[in-house]
Each structure stands twice: as C-alpha cells, then as structure tokens.
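Here is the structure we will look at, set down as structure tokens.
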Ligand SMILES: [Zn+2]
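As structure tokens, this is what we get:
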C-alpha cells in the first residue's frame, strides 16, 4: 500500500468534485479518513485469514462494491436543508465512492504484495495496474521513519502528490474561469 498519508491526501482531493454548496471542509476530512479505512483489513492477519481470501488484505474492503456502500454514507454528513435534488445527493455519494475506491486504485499501482480484489464478492481475482511505479509501504509505522520510508515517500510524492496537485490546480483554474464567465 502507499502510506496512510498518501491515501488520505487522495481521498481529500476528491472533495473538490463536490457540489459548490456542499460542506466541503467537513467532507474533505471525512474522505481523508475514509480513504485510509480499507487497510484496517490487516487485522485479518491476526485471525490467520490468508492474504488471498476474499476477506483478506486487499480483499473485500478494497472492492468497488465496498467503496459504493461505504462511500455513499457521505450523504449522512450533510445537513438536510434547502431543496436539493437527487442529482445533488448523487454527486455527494459518488464523491464518497471515489474517495474510498481511490484507495484500491492506488494500491493497484504499487510494486509489491498481491493485487486488489476490485470485483469481490463476484470474483475473487486480484488485479494490478499495467504499470506499478509506487513503492509499497510497510504497515508498520515505525518503518516509515527510516531511509526506506523516505524512498517510499519520494515515490509517492512523485507519482501521487504532484499529479494530484496539478489536477487540483487545473480544477481550480477551470472553476475560476467558469465563475468569471458567468459574471
Ligand atoms: Zn490497501
């Protein structure tokens, strides 16, 4: 997996796609936390559940269905006020889905471990992206603060943080242009 920081940053970045009048800060924080949640499945190692089991690491909690169910809970964090149509709520739920599914997508680009069970419970195969430039991080946080940890951080900055910063800047510039055009 990439480090929890990187998953959180990717999750929070999705908040930019929310409707403009959504509580963005609250949801960005929730998305950051939610995007790290799938790795709680490492507890299954304590119960001797094998890695490749549907409930094992990178299994069910990394699947598309899990992201849909868990991510759409984002709507519960929005106060019920005003007249918002189903498209508005659908967009919030979809952003929640994107925040959670970003976890498995990033994992699929890492250079070690097993693939990601995107299609569980329908298919237990594990999938990787065709290129895997992100160096895998340890689940042990102590190892993060080591020479190897720095190397991993460097690969995450290069392959995740910088592209996300670029996309965010682009989104911000496009939104600004849109606002100016409507003035
Ligand atoms: Zn993971």
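In the numbering used here, the protein residues as written are 817 to 999. Ideal placement from N, C-alpha and C gives every residue a C-beta, glycine not left out.
Heavy atom of ligand 1 within 6 Å of residue i beta-carbon
i           : result
residue 854 : yes
residue 923 : yes
Outcome for residue i when other beta-carbon atoms lying within 10 angstroms are tallied against a minimum of 16
i           : result
residue 973 : exposed
residue 859 : exposed
residue 975 : buried
residue 971 : buried
residue 873 : buried
residue 896 : exposed
residue 857 : buried
residue 992 : exposed
Cβ pair residue i, residue j closer than 7 Å
i           : j           : result
residue 933 : residue 879 : yes
residue 824 : residue 848 : yes
residue 929 : residue 952 : yes
residue 924 : residue 938 : no
residue 918 : residue 831 : no
residue 842 : residue 893 : yes
Would you check if there are 3 or more beta carbon pairs closer than 8 Å linking the stretch 876–896 to the stretch 910–918? yes
Does the stretch 902–909 touch the stretch 831–844, meaning 3 or more C-beta pairs lie closer than 8 Å? yes
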